[in-house]
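See below for the structure under consideration.
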Amino acid sequence: MKLGFGFLAFSEAFNYEKDWAITERGPSGSSFGYSLDFDSDSIFVGAPNLASDKNGKTGGVFKCNFGKSKSACAPVFDDQLTREYNNSMFGMVLSSDNGFLVSCAPKFYKVFSNRNQNGEDAAIQSLTGSCLASQSVNWQLRGDLKNPVKQIGKKYKSRAHTFWYAKSQIGSSAFIDGDDLILGAPGAFAWSGLVLAADLAHDDSMVTSELCADDDWREVGKAGKNHWCRELNQPKDSYSGSSVLILRNVRGFPGESLYVTGLPGENNYGSVRFYRNDRKNLREIEELYIDGREHFLDFFKRPTGLASSFGYSLTSLDFDGDGLDDLVVSAPQFFDKGSDGNDAGGAVFVFLSAQNTDEKPFGKATVLVGSSGSHFGQSLTNGKDANLDGFEELIIGAPSSGQVFIFNGGRTVSKTATQVLDGKDFEIESFGLAVSGGQDFDKNGHPDLLVGGKDAIVAIPTRPVISISSLISLTDIDGEEIQSISLEDSKACEENGKKFTCFKVKVCYKFDHASIDKIQGNKMLNYHLTVDSITEEENKTPRGRIGGWQDFTNSLKTKTEIQIEADKQKCFEDLTVFLQEEINDKLSPIDISLEFSLEDTELTRSELSDINEYPIIRTNGQDRESKFLQIKNNCADPYYCEDNLKAAKQILEVQDAKGNWQQMTTGEGQVVFGSSNLPKARWSVVLTNDGEDAHQAGFTAYFRSFIKLSDFSIKYLSGIKSDSPLKCFEEITVKFNKITCSVGNPFKTGATAKVELDLDIIYVRENVSPSFDLKIEVWTHKTENKRQNELSRSSRGPSSWGYGGSEHATVHTFGDLKFEADVELVTATRPEFIPVKYSPSQTRRDREVSNTKTGTYGDKIESVLVVKNRGATPANDLVVSVKIPMKLKTGEFLLYPMDSVVIKDIDLKSRCHLADGFNPLKWNFIDTKKELIPQRSKRSVLDFVEDETHRMVKLQSHTLNCDSELIECAEVVCNIESLNANDNAWIRIQTAISHQALQQQFEGSNIFDIEWNAEINSKNSMLKGDLASKNAFRVDQEVLVQAYGPSMEWWLIALIVAAIFISFFTMLIILWKCGFFARRKMPVHRRF
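Counting in UniProt numbering, the final residue of the sequence shown is number 1088, and the numbers go up one at a time with none missing.
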């Protein structure tokens, strides 16, 4: 995401050395590291959840001393932390200076006895807060500030006062500067809050901020002993005292001390208030009031920042090196939704001291923003001048992301963090919960950094800095120093037979005496020179190369051994820089940058003092030194040309089917494109420039996406022709084709040229409105460099030219453009012939179950349509209408609609529709995988067949189509969005024929020719070709002929035959048993 303010970028170019850091861990769960501060050689660490067996979870404070490579931490105030400090979070807030240490327990409470309205004794818990003050003589206890309310003369004598004071939580913030102390009590007066100030050098010196807006107290109770404000000085829930600070060097307040507090809840946005201490009260300086809402609106230009806790943390430093205090205010709860999904979390406002004599001491804030959920700005500190460049560093903690950001001081505030430290490198959670800078605990002359996290702190030392004063000189080939160069007249260098524009670079340097007192001897110095440095995000080509085109580099890295000695200038060998033959950016200066660094060596730490052996280098107080070379031009301002490029006389023409060109004006004419060739269009525009030379000049024209670039040309009508050729390219989106053309660099003053674009019209659709504003935007160097434009315009006065240079041309309509498409429709049916045999008696039984879901359907029929585009132009918005004899007049289905599908090689938004839908009865068809093989009929309509009575009758023929009185047709409509040239679409409609319906309607043997027809048309294209087709399939219905007489079932016949055989064989057996078959002997006749 790129929010309007931008997220923090960072580099690793500062001198805090994480590899030499010392980590100290406290007791687990003690919150060791929640607060940090130091004084002299002592480092104090708060552990507000530290617990002991004796007194409970009192909290605690540790005093740590960092030696050369080790640290030692021991608790202090153990004897003073009695059980009354249980759950008080002692050590949550620490502040130390000038030999004083104040340690606070904002949740310290006492229980008071009081009588309620019924006269009964009641216990009141008073969460007043407590602070202990101690001095540096063994850090012995000096004073107990745990009842500061008593010191300002107010007593807890009623429930009213309990409401105003009992939740004050004094010590929620603390700050010591010299002998002066300021404490915050954000819970006082219904969380309106107040601040208290004291002089630690004198007893009983406690004063508070003004509590009442009208300096009037309302008296309650007997003799008016109990008081509260009629009107509070700030709204309830403002949390005044959440953060506190003392400023000594504020512009417009010489010699005064200003007491500052943050009110993160005021008006739901937060604020900062300023006070004077007159030793009686803290009197507000109302003209210095800072309203958080106004600053959010001023920077972000829209309402944002609600509940951001503006004023949660405060710090001061001399960031810009002018000797005056600069103020830093954080809003760690800030949240802003990013347009690309990345959200902001936490904001820090840096108020530098004003540079003018305005009444207000601070100028406009610079806002730094952290990443989502990071709580960027929860902790702040002044890092002092860690790199000895004369500017103090700003340190910002973001504990929820576990990071600490270092911003190097300077004349302006950069949104790029100089260095980022990550808690993962130290294995510490919530890294950045507390930060404290300014103490030089390793005694190398550079302030170090303390960072607190979850149950641990890290002491991060700074590496020493060697300051180098460098000088970059640019000369021509003869050694004459130059500030600018001519691309035409400076081709003094030759390489491979070609002449190039070139110049020389000379680099000299010397060491600053003050920075090398502790660092002397020989070192390996890295030398890095870059010509025209380009970041990866810029996606540009450097305009210069060091040493010529053979080396092909704009960056030179080398090293040399040097002796570190002060006040002795040394120079490197001269380098030659070659410029490109064609340079696009001729107005921006060529940047020659120089970086020095010492040879990286592995850090081998034995003692902290060894870090002096590993310095880093600063060049002229910066990480790098730069020199700029201007390219000569004809403009009054060498960095900016006040051109006036204009576009006019736009003409759009199209070529019709006869080859004639017709100019398209609003709503007039009709053009028909033939199908044999791709439609053409031609667009032209006249460019003029009556200002200074227009560098990087060009235009962008926005056409509809159905128009594509084919060719381009330019013709100069007057003036000087540009040396740069015309270049055009297109970028096609869903709605537009953005054609961008570069017309000259520069497009000379006084020049007039006509640019012509040849275009192809791919298609025109009815559902995409063809009418549009043909917008053209002209652009030059000044539109691409708006910041430079602003600076130049402010110095040169107002101009009539506006950003973008866009011009809206006449609306050109394509509503009357028509394509002619050559389309062919081919149909087929599978199978072509279906034989059917049936028994009349079976038909009679089937009538009993007709028109039910148990009805029987016969073969599956596939009706296939092929739509072919035979022309060179696309066919759009095609509608295929298929009329099928779907039902008989009796209401029974003849062809039951099963399914439809459109098949095409490319992705289509095509579909078929039927009024009652496909498969309206929701039948489950069983796919038998039967292959649909075309068959031919063996009978013709001239044949004679036997009927049921064995009479010879002529075979009946019927044609069933949409013209038949017996048929009801249904229309299947299929939409095809687009067919490109030589493209095909296949449509398949599946039905199932009802043999039952045919048998019921037509008894006996019949031949049926079932015909269906299709046609195609278009909502937009003009169609020609074979646009209609008819197809049919035949059904041969053959009745099975039966014998005369009453019919008998086969099983009955078989039973009778079996009975006859059984009776016959039974009779035979009986006769045999009766001797019917016995053989009789013939009687013998005797002779006498």
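By construction, the Cβ of each residue, glycine as well, lies at the ideal position given by its N, Cα and C atoms.
Every value quoted in this text rests on a predicted model; they were computed, and no experiment measured them.
As DSSP reads the structure, Gly46 sits in a beta bridge with Ser35, Val61. In the DSSP assignment, Pro254 is bridged to no other residue.
With respect to the 8 Å criterion, Gly409 and Ser374 are not classified as neighbours on the basis of their beta carbons. Using a Cβ-Cβ distance cut-off of 8 Å, the region 726-734 and the region 677-685 are not in contact, since fewer than three pairs of beta carbons, one from each stretch, lie closer than that value.
Cβ contact annotation for Gln663 (same chain, cutoff 6 Å, sequence separation greater than five): Glu653, in chain order.
Burial is judged here by how many other beta carbons sit within 10 angstroms of a residue's own beta carbon; Met89 has at least 16 and is buried. Membership of His913 in the beta strand (DSSP E) is indicated by the continuous run 911-914. Note on Ile834: 16 or more other CB atoms within 10 angstroms of its CB, so buried under the neighbour-count rule. Per the C-alpha coordinates, the member of Thr530, Asp425, Asp585, Phe596 positioned closest to Lys559 is Phe596.
Cβ-Cβ separation between Leu966 and Val867: approximately 31 Å, too far for a contact (criterion under 8 Å). Counting C-beta pairs closer than 8 Å gives fewer than three between the region 29-42 and the region 480-496, which falls short of the contact rule. At least 8 Å separates the beta-carbon of Ser309 from that of Gly370. At a Cβ-Cβ threshold of 8 Å, Cys508 and Ser470 count as neighbours.
Between the region 706-724 and the region 750-764 there are three or more C-beta pairs closer than 8 Å, enough to call the two in contact. In the three-state DSSP reduction, Thr412 falls in the coil class, being neither helix nor strand. Met1067 carries a helical assignment under DSSP once its states are collapsed to helix, strand and coil. With 16 or more other CB atoms across the displayed protein chains lying within 10 angstroms of its CB, Gln378 is buried. Beta-bridge partners assigned by DSSP to Ala105: Ser130.
With a 10 Å radius around the Cβ and a threshold of 16 neighbouring Cβ atoms, Lys498 comes out exposed. Thr890 has its alpha-carbon roughly 43 Å from the corresponding atom of Leu1055.
The Cβ atoms of Glu24 and Ile611 do not sit closer than 8 Å to each other. Secondary structure within the region 954-1022: the alpha helix (DSSP H) runs of 4 or more consecutive residues, fully enclosed, are 995-1001 (chain order). Close CB contacts of Cys571 within its chain, under the 6 Å cut and outside five residues either way in sequence, are with Cys508 (chain order). A distance below 7 Å between beta-carbons, with the five flanking residues on each side excluded, links Gln169 to the following residues of its chain, in chain order: Pro106, Lys107, Leu127, Gly129, Ala185, Pro186, Gly187. Rounded to the nearest whole angstrom, the CA to CA distance from Ala1028 to Lys646 is 55 Å.
Taking 8 Å as the cut-off, the beta carbon of Cys974 is found closer than this to the beta carbon of Val880. Closest in alpha carbon position to Thr412, among Asp320, Met524, Asp448, is Asp320. Beta-bridge partners assigned by DSSP to Lys868: Glu824, Asn984. Around the CB of Ile884, 16 or more other CB atoms lie within 10 Å, so the residue is classed as buried.
Within the same chain, no Cβ atom closer than 6 Å to the Cβ of Asn496 is found once the five residues on either side in sequence are excluded. Looking at the DSSP output, Leu245 shares a beta bridge with Val260. Judged by DSSP secondary structure, Gly292 falls within the alpha helix (DSSP H) whose first and last residues are 292-300. When rounded, the separation of the alpha-carbon atoms in Ile989 and Asn1006 is 26 Å.
No Cβ-Cβ contact shorter than 8 Å links Met524 with Glu625.
Pairwise C-beta distances place the region 377-396 out of contact with the region 270-286, as fewer than three of them are shorter than 8 Å.
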